[in-house]
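Take a look at the structure below.
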Ligand SMILES: [Zn+2]
Ligand SMILES: [Zn+2]
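Chains as they are written, first to last, in my numbering: chain A, 1 to 196; chain B, 197 to 392.
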């Protein structure tokens with residue numbers, strides 16, 4: 001099938017969400033939409049690779065540094081929401097649930113994966129909080145063992161700064177049916193019950 | 197998130213195998229592998245879009261025209277395997293099951309989708325067969341209603357040329373367990389039974 005196509009399929013197979021089989025199917029579909037999809041995608045990839053960089057303040061990905069969120073003066077600069085990944089930041093932004101700033105850790109502490117505090121953006125977080133003006137740090141790490149270990153570690157490290165440290169509530173997902181929920185979530189939702 | 201990123205996510209979401217959600221995840225992963233994956237993929241897409249064209253004889257996609265298969269003098273030029281898509285051609289080549297030439301129809305006849313004979317590469321097939329040297333045409337269209345309708349139509353059209361017209365056998369897929377097979381396949385496999 002020619003080295004150009006073999007190379008394309010090989011690279012497509014490395015894109016998360018595509019495997020070797022779907023990479024072949026994708027390459028084929030792209031070749032059949034050469035002008036409407038394939039060339040535009042090539043150009044969009046090159047343009048985004050050129051333009052988008054991590055924000056030196058919060059770790060978000062954007063075309064400006066500081067990023068659009070950090071530069072937005074309408075946002076509450078007194079609260080920082082700490083997330084594992086830029087994907088988590090985007091999810092929170094889509095939910096329009098947080099009106100303050102963010103801090104992207106770049107993962108979680110993990111004994112198994114050998115991720116230590118110095119592998120994450122923890123020192124920059126401590127410095128941001130210590131530099132003043134921050135009232136609250138919201139620890140929005142995952143509800144996994146590693147995510148919660150990371151949250152506990154950060155809470156310890158931030159204790160001395162005196163700012164409020166909060167975590168996302170556990171509970172029943174909106175639209176979630178109890179019968180499909182795991183026991184831990186049900187127990188957490190019951191423990192965090194509030195007046196109806 | 198900036199227009200470059202929005203455009204990238206929009207285009208990635210159009211790639212078969214990726215939806216809007218996985219497009220966002222893919223964009224993020226690509227940005228985190230800017231030099232090792234994102235830029236190489238942009239270049240591979242542009243290179244393949246530039247180099248790869250449909251074969252004017254058989255409809256295969258390749259960097260040369262006639263394609264490598266059509267030009268390969270070691271292949272049996274007396275048999276033509278008719279497939280719906282280039283993907284089907286690739287699947288047959290991977291199986292190394294056919295040593296002759298191919299003909300890509302570009303789909304199936306379909307009353308529902310309004311696909312008529314003139315929308316497929318049927319006239320070029322008739323001309324290829326009529327021009328001589330062909331002993332057998334293997335109709336390897338799908339075992340779907342539209343695929344079989346197309347095969348019947350092609351068999352009718354090719355009858356006058358006098359070449360042998362064959363179809364893929366139905367049966368139990370290799371490694372397939374009877375309990376998971378649909379009745380039609382089981383019935384076809386039983387009807388086509390042979391001495392063990
Ligand atoms: Zn930022
Ligand atoms: Zn060809």
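In this text, a Cβ means the ideal position worked out from N, Cα and C, and glycines have one as well. Small disclaimer: the values here were computed from a predicted structure and weren't measured.
Inset, instruction - Would you list, in chain order, the members of the segment 246-261 of chain B that have their beta-carbon closer than 7 Å to a beta-carbon of chain A? - result: Taking 7 Å as the upper bound on Cβ-Cβ separation, chain A lies near residues 247, 248, 257, 258 and 259 of the segment 246-261 of chain B.
Legend entry - beta strand (DSSP E) runs contained entirely in the segment 45-113 of chain A, provided each spans 3 or more residues: Taken in chain order, the complete beta strand (DSSP E) segments of 3 residues or longer contained in the segment 45-113 of chain A are 76-83 and 100-104.
Inset, instruction - For residue 99/A, return the contacting residues in chain B, with the cut-off set at a CB-CB distance below 9 Å. - result: By Cβ distance, chain B contributes nothing, its closest Cβ being about 17 Å from residue 99/A, past 9 Å.
Legend entry - residue 167/A - partner residues in DSSP beta bridges: Answer is 139/A, bridged to residue 167/A.
Inset, instruction - Give a yes or no on whether the C-beta atoms belonging to residue 35/A and residue 259/B are separated by under 9 Å. - result: No, these two residues do not count as a Cβ contact at 9 Å.
Inset, instruction - Measure the Cβ-Cβ separation of residue 223/B and residue 8/A and say whether it is below 9 Å. - result: Not closer than 9 Å, so no.
Legend entry - Span separating the alpha-carbon of residue 148/A from that of residue 65/A: Straight-line Cα distance between these residues: approximately 30 Å.
Inset, instruction - Taking a Cβ distance cut-off of 9 Å, strictly less, list which residues of the segment 264-283 of chain B are near chain A, in chain order. - result: Close to chain A, meaning a Cβ-Cβ distance shorter than 9 Å, are the following residues of the segment 264-283 of chain B: 264, 281, 282 and 283.
Inset, instruction - Taking only heavy atoms of ligand 1 into account, decide whether any of them is closer than 8 Å to the Cβ of residue 57/A. - result: Shortest gap from the CB of residue 57/A to any heavy atom of ligand 1: under 8 Å.
Inset, instruction - With a threshold of 8 Å, establish whether the CB of residue 258/B neighbours any heavy atom of ligand 2. - result: It does: the Cβ of residue 258/B is within 8 Å (strictly closer) of some heavy atom of ligand 2.
Legend entry - Nearest-angstrom beta carbon gap, residue 121/A and residue 59/A [assumed within contact, 8 Å]: About 6 Å separates the beta carbons of residue 59/A and residue 121/A, which is inside the 8 Å limit, making them a contact pair.
Inset, instruction - Flag residue 137/A as yes if its beta-carbon sits less than 9 Å from any beta-carbon of chain B, otherwise no. - result: False, the Cβ-Cβ gap to chain B never drops below 9 Å.
Inset, instruction - Answer yes or no: the CB of residue 28/A versus the heavy atoms of ligand 2, is any distance below 8 Å? - result: Within 8 Å of the C-beta of residue 28/A there is not a single heavy atom belonging to ligand 2.
Legend entry - Under 8 Å (Cβ pairs) to chain B, residues found in the segment 111-134 of chain A: Listed in sequence order: no entries.
Inset, instruction - In angstroms with no decimal places, state the Cα-to-Cα distance between residue 249/B and residue 39/A. - result: Taking the straight line from one Cα to the other gives about 14 Å.
Inset, instruction - Please confirm if residue 371/B has its CB atom under 9 Å from at least one CB of chain A. - result: Residue contact with chain A for residue 371/B: absent (no Cβ-Cβ distance below 9 Å to any residue of chain A).
Inset, instruction - Note down, in chain order, every chain D residue with its Cβ under 9 Å from the Cβ of residue 184/A. - result: Protein chains in the displayed structure are A and B, and chain D is not among them.
Inset, instruction - Below 6 Å CB to CB, which residues in the same chain sit around residue 384/B once its five sequence neighbours on both sides are set aside? - result: Answer for residue 384/B: 366, listed in chain order.
Legend entry - N- and C-terminal bounds of the alpha helix (DSSP H) containing residue 353/B: Where residue 353/B is concerned, the enclosing alpha helix (DSSP H) stretches over 341-355.
Legend entry - Residue environment, residue 280/B, which counts as buried when at least 16 other CB atoms sit within 10 Å: Per the 10 Å Cβ criterion, buried.
Legend entry - Endpoints, the alpha helix (DSSP H) within which residue 124/A is located: First-last of the alpha helix (DSSP H) with residue 124/A: 122-130.
Inset, instruction - Measure how close the beta-carbons of residue 11/A and residue 82/A come, nearest whole angstrom, since I'm counting them as under 8 Å. - result: Taking 8 Å as the upper bound for CB-CB distance, residue 11/A and residue 82/A are not in contact here, some 33 Å apart.
Legend entry - Whole-angstrom C-beta distance between residue 109/A and residue 146/A, which should lie under 8 Å: Their Cβ separation, rounded to whole angstroms, is 6 Å, which keeps residue 146/A and residue 109/A in contact under 8 Å.
Inset, instruction - Could you tell me whether the Cβ of residue 140/A comes closer than 9 Å to any Cβ of chain B? - result: Between residue 140/A and chain B, the shortest Cβ-Cβ separation is not below 9 Å.
Inset, instruction - Would you mind telling me which residues of chain B sit closer than 7 Å to residue 40/A, beta carbon to beta carbon, in chain order? - result: Chain-order list of chain B residues neighbouring residue 40/A: 207, by C-beta distance under 7 Å.
Inset, instruction - Taking only beta-carbon positions, decide if residue 159/A is within less than 9 Å of chain B. - result: Not an interface residue.
Legend entry - Alpha-carbon to alpha-carbon, residue 337/B and residue 292/B: Taking the straight line from one Cα to the other gives about 17 Å.
Inset, instruction - Please work out which residues of its chain come closer than 7 Å, Cβ to Cβ, to residue 24/A, disregarding the five sequence neighbours upstream and downstream, and give them in chain order. - result: Excluding residues within five positions, the ones whose Cβ falls inside 7 Å are 9.
Inset, instruction - Report the rounded CA-to-CA distance for residue 127/A versus residue 100/A, giving the unit in angstroms. - result: Their backbone Cα atoms lie some 17 Å apart in a straight line.
Inset, instruction - State yes or no: is the beta carbon of residue 375/B nearer than 9 Å to at least one beta carbon in chain A? - result: Interface annotation, residue 375/B: not in contact with chain A, CB-CB separation never under 9 Å.
Inset, instruction - Identify which residue in 76/A, 132/A and 151/A has its Cα closest to the Cα of residue 102/A. - result: If we check each option's Cα against that of residue 102/A, 76/A comes out closest.
Legend entry - Sequence-distant residues of its chain with Cβ nearer than 8 Å to residue 325/B (five each side left out): If we look at residue 325/B and ignore the five residues flanking it on each side, its Cβ neighbours are 276, 333, 354, 357 and 359.
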